[in-house]
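These notes are about the structure you will find just below.
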Amino acid sequence: MHAYWNPRHETMSRDDLEALQTRKLRNLLEWTTTRVPWQAERLATAGVDAADIRTLDDLRRVPFLTREQWMQSQLDDPPYGGVLAAPPEAAIRYHTTSGTTGKTPIRALDSAKDWEWIAEMWCYAFWGFGVRPSDIVFFAFSYGTFVGFWGAHYACEKLGCLVLPGGNMTTEARVHLIVDAGATVVCSTPTYALRMAQEAQKLGIDLASGPVERVVLSGEPAGSIPATKALIEQQWGAKAGDTAGMTELGTVVMFECSHQPGGMHLIEDHYIEEVIDTETDEPVGYGELGERVVTSFGRGFIPVLRYRTGDLVVRVPSTQCSCGRTFDIYDGGIRGRVDDMKVVRGTNVYPRAVEAIVREYDAVDEFQIHLFTVEGTRDEIEVLVELPVDGGKRDEVLDELARRLSEAHEGLRMPVREVPEGSLPRFELKAKRVKDEREVWGGSGERKAM
Ligand SMILES: [Zn+2]
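Per the numbering used here, the very first residue in the sequence shown carries number 40; after that it's consecutive.
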C-alpha cells in the first residue's frame, strides 16, 4: 500500500504543482466573481480579473482578506456576511470558530459537496501519518458548533476505520473507553492529550503499555513544540503527529507525515500558502519567520482568497523530510500568533517559547504565564506552575526554570511560583495560558484577550 493518500499529487514536481495551482486559482477567481458580489466588488476595486491570472505571481494582485473585514461583513449583513457563494438554504451544516469569551465567532456554512472535500483533506493527514482501515480511532472532541475534528471524524469513516466519537464524556470516561475499546489512534489537542494521561495515572492505568499507537494533535501550536510532543509520546507510548486547520477554511491545511520531520507538509494541491512579512506585506523566503496567508480551492460555499491567518510560520522545502512528498513544510508547525506576542519592559515574550521550556520539566503538570503591574507603572511577568511531585526537587526545579526562562528572554526576570495542585484552569480546547492583568491594557481591550 502507498504511503501517500494521493500519490500523484503528493509527489508532483514543483513545476507541475505550480501549473495546477495557477489553473485552480483562475477557476477560483471566476467562481468568486460570479457567485459572491461582496468579493467581486473587492476584486473589481483592486482591478483583478480571472483572465489576467497567468502565473502564480499574479496572486499577489489579489487583495488580502482579514478577519476584521470578514467580521465587519458579518455585522453589516448578518448572520453570515457577504462571504457566501450560495443561499443559506443550500447548505447542510452550520459551524463557527471556537470563539474566545465575549468575541463573536465567525459563522460558516457548507454544502454536501464541501463536506466531501473537508473529509478528503483530513484523509491526506490521517493516511500520511499512517492511519489505516484496521485502526480504531477515538475522538476527544465535543462535537458542537466548533468545526474542530468533525471533518477528521468523517475522514476516518471514509478510510474504513472504526470511529469512537467521545463527545459529552468526562475525562475519566474517555480514558476508560480508549482502553476498553482498544483504540489505536487518539485525536485531541496537545493540552488535552496530557490531561488524559494525567487522568489515566490517577486511575492506575498505564497508557504507555496500552494499544494506542498514534496520537493525532490539532487545535493548538503546541503539537509541534518538541518538548510537549516528547512528553505526549512518552506518556502515551505512541507517536504524536501534528495537524492544523481553521474554521475559516472548514478543514485541515497541513499535516505531519509518519516520518515526523518536525513540521507539517502543506496540502499544496488544494491550497496556496504564502508567508509574508507582517510589517511590509512582502513575501519572505524559505527559513524566515512570517505570517501565513492562505488561498483555498476546495470550499464552494465560502471561497477564500489570500486570508491573513495571523499564524507565524517558517517555510522550508519538502526535501527537509525523507518521505518523498514534494509538498513544502512549515518547520516547527505554527510558531505562534502574530497577536500572541507580549512586550514586557521592552522584551518580546512569545507564550510558545515559554511553553517550549516549561514542558521540558515533566514534573510540571500545568502552568500559566501571568502579567501584572506593580506600583501602577512597572510591568512584571511570572510563571505559575503546579508541581504535584515529591518535595525534594521542588526548589531546584523552580530555580532552574526561572533561570532558563530569564536566559531565553534577554535576562528579563521571570520568577516561577508554585501554586496548589488543581488551582490553574484546565483546557480541552485552545488552552489559554496567558493571564494579562496589566493596568495599561486594562478594561476589555482586545490586547487583553488571549
Ligand atoms: Zn514527510
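Here a beta-carbon is modelled for each residue, glycine too, at the ideal position from N, C-alpha and C. Everything numeric in this text was worked out from a predicted model, so none of it was measured.
According to the Cβ coordinates, are V393 and R374 closer than 7 Å? no
Looking at the unbroken beta strand (DSSP E) that takes in C226, where does it start and where does it end? From DSSP, the beta strand (DSSP E) with C226 extends over 224-227.
Under 8 Å, with one C-beta from each stretch per pair, do the segment 85-92 and the segment 63-70 reach the 3-pair mark? yes
Out of curiosity, what's the CA-to-CA distance linking H134 and D379? C-alpha separation (whole angstroms): 25 Å.
If you check the beta carbons only, do G329 and I315 fall under 7 Å apart? Yes.
R338 by DSSP, collapsed to three states: which one? coil
Report the three-state DSSP secondary structure of Y389 (helix, strand or coil). coil
Rounded C-alpha distance that separates G249 from V218: 7 Å
Assumed close pair T230, E252 - CB separation to whole angstroms, cut-off 8 Å: At roughly 21 Å, the Cβ-Cβ gap does not stay under 8 Å, so T230 and E252 are not in contact.
Near C296, which residues of its chain fall below 7 Å by C-beta distance, leaving aside the five closest residues on each side in sequence? Taken in chain order, the residues that qualify are G167, F168, H304, C360, C362, R364.
I'd like the list of long-range same chain contacts for I131, defined as Cβ closer than 8 Å, with 5 residues on each side in sequence excluded. Result list for I131: D149, S150, A151, W154, in chain order.
Taking 6 Å as the line, does the beta carbon of R354 fall inside it for any heavy atom of ligand 1? no
Any heavy atom of ligand 1 closer than 6 Å to the beta-carbon of M362? Position check: residue 362 holds Cys in this sequence, whereas Met was assumed. Checking the Cβ of C362 against ligand 1 gives yes.
For A279, which residues of its own chain have a beta-carbon under 7 Å away from its beta-carbon, when the five flanking residues on both sides are left out? V254, L256, K268, I271, E272
With a cut-off of 8 Å on the beta carbons, I'd call L410 and D418 a contact; round off their distance for me. 7 Å
Please list, in chain order, all residues of the same chain as R477 whose beta carbon is under 7 Å from its beta carbon, the five residues on each side excluded. Contacts found: L410, F411, T412, D418.
Please name the residue, chosen from M51, F103, P46, that lies closest to E321 on a Cα-to-Cα basis. F103
Take G371 and list the residues in its own chain whose beta-carbon comes closer than 7 Å to its own, dropping the five residues that flank it on each side. S263, G301, G302, V353
Check each candidate in A164, M453, K432 and name the one with the smallest Cα separation from R442. It is M453.
Whose C-alpha, out of A239, G284, C200, is nearest the C-alpha of T228? G284
Contiguous beta strand (DSSP E) assignments of at least 3 residues, all confined to the segment 203-248: 224-227
Euclidean distance between Cα positions of E485 and V214: Residue placement at E485 cannot be trusted, given a pLDDT of 34 that sits under 50; what the coordinates show is reported in the next sentence. E485 and V214 have their C-alpha atoms spaced approximately 37 Å apart.
Using alpha carbons as the reference points, say which of R81, G326, E467, L426 lies closest to S181. E467
Just list the residues that DSSP pairs P322 with in beta bridges. I315
Nearest to S112 (by Cα), restricted to the options F178, L95, V75, D96: V75
To test your reading of the DSSP string, which unbroken alpha helix (DSSP H) runs of 4 or more residues are found completely within the segment 247-315? At a cut-off of 4 residues, the continuous stretches assigned as alpha helix (DSSP H) that sit fully inside the segment 247-315 are 265-275.
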